[in-house]
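This report concerns only the one structure given below.
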Amino acid sequence: MGKRIKFRGRKLIKKDLKNLINLALKKLCVLEKINYKEFDFNVEVPPKNIKADYATNVCLVGARYFKKSPKILSEELKNILLSEDIDFINSKKESKIFINIKNITCLGQGFLNFDLDLSSFLYSFLYFYNNKEYYFFNNDDKFKKILLEFVSANPTGPLHIGHARGAAIGDSLSRLLKKKGHIVETEYYVNNAGNQMNILKESLEIRYRQVLGEKIDFPENHYMGDYITEIARDLYEEKRIKDYKQIDFKTIILNKMLDIIKSELKRFNVEIDNWFFETKILEKDSSGTNDLDRVMKILEDKNLIKDIDGAKWLNTAEFSEDDKDRVIIRKDGRPTYFASDIAYHENKYIRNYDLMIDIWGADHHGYVPRIKASMEYLGNDKEKLHIILYQLVSLIRDGEKVAMSTRKGEFISLVEVLEEVGLDATRFFLLMRSTDNPIEFDLSLAKKSTNENPVFYIEYAHARIHSIMKNFYNEFHEYNGFIFDKIEDKYLSILEKNLNQEEDISIIKTLISFKEILNFAERDFSPHYITTYLLDLAGKFHNYYNKYKIIDKANSNKTLSRILLIKEIAFVIKNGLEILGITAPESM
RNA sequence: GCGUCUGUAGCUCAGUUGGAUAGAGCAACUGCCUUCUAAGCAGUGGGUCGGGGGUUCGAAUCUCUCCAGACGCACCA
86 MGKRIKFRGR KLIKKDLKNL INLALKKLCV LEKINYKEFD FNVEVPPKNI
136 KADYATNVCL VGARYFKKSP KILSEELKNI LLSEDIDFIN SKKESKIFIN
186 IKNITCLGQG FLNFDLDLSS FLYSFLYFYN NKEYYFFNND DKFKKILLEF
236 VSANPTGPLH IGHARGAAIG DSLSRLLKKK GHIVETEYYV NNAGNQMNIL
286 KESLEIRYRQ VLGEKIDFPE NHYMGDYITE IARDLYEEKR IKDYKQIDFK
336 TIILNKMLDI IKSELKRFNV EIDNWFFETK ILEKDSSGTN DLDRVMKILE
386 DKNLIKDIDG AKWLNTAEFS EDDKDRVIIR KDGRPTYFAS DIAYHENKYI
436 RNYDLMIDIW GADHHGYVPR IKASMEYLGN DKEKLHIILY QLVSLIRDGE
486 KVAMSTRKGE FISLVEVLEE VGLDATRFFL LMRSTDNPIE FDLSLAKKST
536 NENPVFYIEY AHARIHSIMK NFYNEFHEYN GFIFDKIEDK YLSILEKNLN
586 QEEDISIIKT LISFKEILNF AERDFSPHYI TTYLLDLAGK FHNYYNKYKI
636 IDKANSNKTL SRILLIKEIA FVIKNGLEIL GITAPESM
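Just so you know, we're using the working numbering here: the first sequence kicks off at 86 and counts up by one.
This is the structure we're talking about:
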């Protein structure tokens with residue numbers, strides 16, 4: 086005696102229920118003679134101890150609005166929802182029946198719990214199976230033009246695991262946002278104008294002269310990494326130039342370092358669209374001014390800059406969250422890093438993105454207020470600039486913290502980690518945690534091929550499904566070449582007979598929610614929701630695999646139904662991993 | 001001292017706009033390989049969600065305060 090609710094279009098269960106409840110609220114308002122006003126409530130999966138498919142807190146939230154106790158309200162709403170006189174049918178054209186309510190119960194302080202008929206889930210399954218790309222990834226054409234800037238490490242040495250976290254987050258977000266239909270550019274800002282560059286150049290020059298046989302002490306604050314000595318040696322081997330003053334060490338070392346970084350990122354499966362050089366900000370155009378001059382003029386015209394002791398300070402304290410004013414032009418006339426960063430970010434605004442995301446290590450958090458303030462001063466909408474801060478990564482090997490000091494070249498490089506544990510595990514471990522938490526990257530664990538290691542656990546689920554598919558084609562020759570890209574409506578009755586276990590429904594619910602997970606990840610710029618979700622889904626699959634035999638030679642309908650289910654699991658795992666930049670192997 | 005982030009099972013961590021009896025993996029113990037990949041599955045034990053106040057019908061989640069830890073407070077980048 087269930088009530089079938091028809092909805093046209095592409096909404097799935099939760100959304101349909103929400104719409105349904107809203108209609109019931111409207112009806113109640115008419116009965117109570119009060120004006121209908123929308124308010125926010127949830128439709129959620131209830132906790133395990135409640136035997137229902139979905140629950141809503143609408144009566145708890147709406148109690149004050151209707152001036153009734155949640156309990157009474159829930160009884161009234163229940164009656165309206167189950168009454169036959171309300172026609173919720175909303176189907177002028179072709180209609181799909183998605184919700185078939187079996188029962189509604191009022192429990193707790195006023196929760197309404199919905200028990201749905203199996204058909205609700207199977208209709209949904211059929212719908213998203215047939216429209217996967219659209220269902221999971223469509224964004225109602227609300228796409229944005231987005232710039233993602235990340236890594237932007239000084240080109241003074243190889244990338245380490247901390248840079249890799251930023252790279253993994255940035256690249257994964259880029260994949261996610263692209264999948265959701267946005268136009269995304271990724272960018273690496275190269276600090277090639279500052280003091281660090283000079284020190285780097287001198288480091289190479291001194292190493293080169295040492296190669297030539299000069300006895301020079303290597304200065305304290307210079308880059309001591311072996312890679313510089315190697316570059317110096319190679320340089321001498323190549324050209325054999327004795328007069329080092331003829332050599333343009335700066336250009337050589339910059340290009341060399343960028344080559345290294347580019348190859349490391351490539352190896353890490355990270356794509357950078359734009360390489361933006363700091364020197365571009367300082368290049369004079371035909372009128373003899375550069376980006377920095379233009380920015381300075383605006384700020385000076387607005388009286389936001391003052392001279393103290395010959396240096397120029399930007400007044401960030403008075404009008405922003407920043408706690409003090411900041412120098413932007415030094416006493417000697419050289420701009421600070423902050424100055425070129427203002428001009429760089431202004432340049433981003435001029436390029437006209439709807440959203441600019443910067444991904445920084447959390448040790449730079451103090452920098453956020455001043456860069457936001459400066460953008461505001463220039464008349465830009467600071468809401469368009471979103472800064473993601475991620476906490477540090479420490480490496481653990483055999484239960485011991487690996488010492489990392491970026492000074493003196495004592496660090497494990499990204500490439501070394503990749504060589505030790507592989508690309509997939511490295512990316513997964515870096516994406517597994519919320520950016521607000523530091524990561525303890527356990528190298529020993531990441532190497533293991535057991536279920537202790539989450540990335541193997543997920544990949545194994547995917548490989549297993551492919552292995553089952555292979556067996557399926559062997560057992561059922563008549564389906565060779567059949568790819569199951571669509572389920573026809575007539576199969577619904579078959580599904581109803583064969584996907585009716587608790588686990589079937591639980592997996593279908595989990596599959597439906599992939600869309601939600603992607604939306605959360607997009608909203609919070611947090612790929613780690615996806616890692617958690619995939620672990621859950623993989624767990625449900627492994628459990629299912631052990632409990633039920635997918636292939637049953639004597640029952641082709643049962644086999645086909647289960648094949649469709651696991652094919653959809655494979656689709657979601659593959660796409661989830663793709664967003665993380667991780668491969669989904671077909672065999673292991 | 002000021003600011004940002006963190007504090008959830010022995011360990012590493014999930015916990016979405018505040019929702020009903022707070023979850024997973026590891027570690028410990030017990031089962032499951034003639035059966036689609038045991039690189040797997042099932043079960044048991046394990047918690048005053050750092051402490052205390054406040055808001056709320058309802059708080060791990062919001063707020064205040066205290067405690068502990070990490071990081072940051074340059075005319076470095």
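We treat Cβ as the ideally placed atom computed from N, Cα and C, and that holds for glycine.
In the structure shown, the three-state DSSP call for PHE541 is helix. Going by C-alpha positions, GLU385 is about 15 Å away from ASP410. Per the DSSP secondary-structure output, CYS191 pairs in a beta bridge with LEU197. Taking the C-beta atoms as reference points, ILE664 is found nearer than 9 Å to LYS264. Around SER479, the same chain offers LYS486, VAL487, MET489, PRO523, ILE524, GLU525 and PHE526 as residues with beta carbons nearer than 8 Å, after the five sequence neighbours per side are excluded. Straight-line spacing of the CA atoms in PHE210 and THR644 works out to 17 Å. Distance from the CA of LYS634 to the CA of GLY666, rounded to the nearest whole angstrom, comes to 31 Å. As the crow flies, the alpha-carbon of GLY507 is around 21 Å from that of ILE357. For ALA109, the closest alpha carbon among the candidates GLU290, GLU123 and ILE636 is that of GLU123.
The beta-carbon separation of PHE213 and TYR220, rounded to 4 Å, stays under the 8 Å limit for a contact. Non-local C-beta neighbours of GLN586 in its own chain, meaning closer than 8 Å and more than five positions away in sequence, comprise TYR633, ordered along the chain. Its chain contains ILE390, ILE413 and ILE414 as the residues whose beta carbon lies nearer than 6 Å to that of LYS397, once the 5 sequence neighbours on both sides are disregarded; these appear in chain order.
If you draw a straight line from the Cα of ARG250 to the Cα of ASP443, it comes to about 13 Å. With contacts defined as CB atoms closer than 9 Å, PHE423 and ILE456 qualify as a contacting pair. Residue state for GLU270 is assigned as strand, using DSSP reduced to three classes.
With at least 16 other beta carbons inside 10 angstroms of its own, PHE514 counts as buried.
Around the C-beta of VAL115, fewer than 16 other C-beta atoms lie within 10 Å, and the residue is accordingly described as exposed. DSSP places THR511 in the helix class (H, G or I) of the three-state scheme.
A distance below 9 Å separates the beta carbons of GLU349 and LEU499. For ASN375, the closest of GLN331, PHE334, ILE393 and ILE427 by C-alpha to C-alpha distance is ILE427. Between GLU234 and GLU272, the beta carbon gap of about 5 Å places them in contact (Cβ cut-off 8 Å). According to the DSSP assignment, ALA428 belongs to the alpha helix (DSSP H) that extends over 422-435. With contacts defined as CB atoms closer than 9 Å, ILE651 and ILE550 qualify as a contacting pair. In the DSSP assignment, LEU480 falls within the beta strand (DSSP E) that extends over 478-482.
Separation of LYS575 and LEU649 (C-alpha to C-alpha, rounded to the nearest whole angstrom) is 14 Å. Nearest in C-alpha terms to ASP202, of all of LYS582, ASN388 and SER168, is LYS582.
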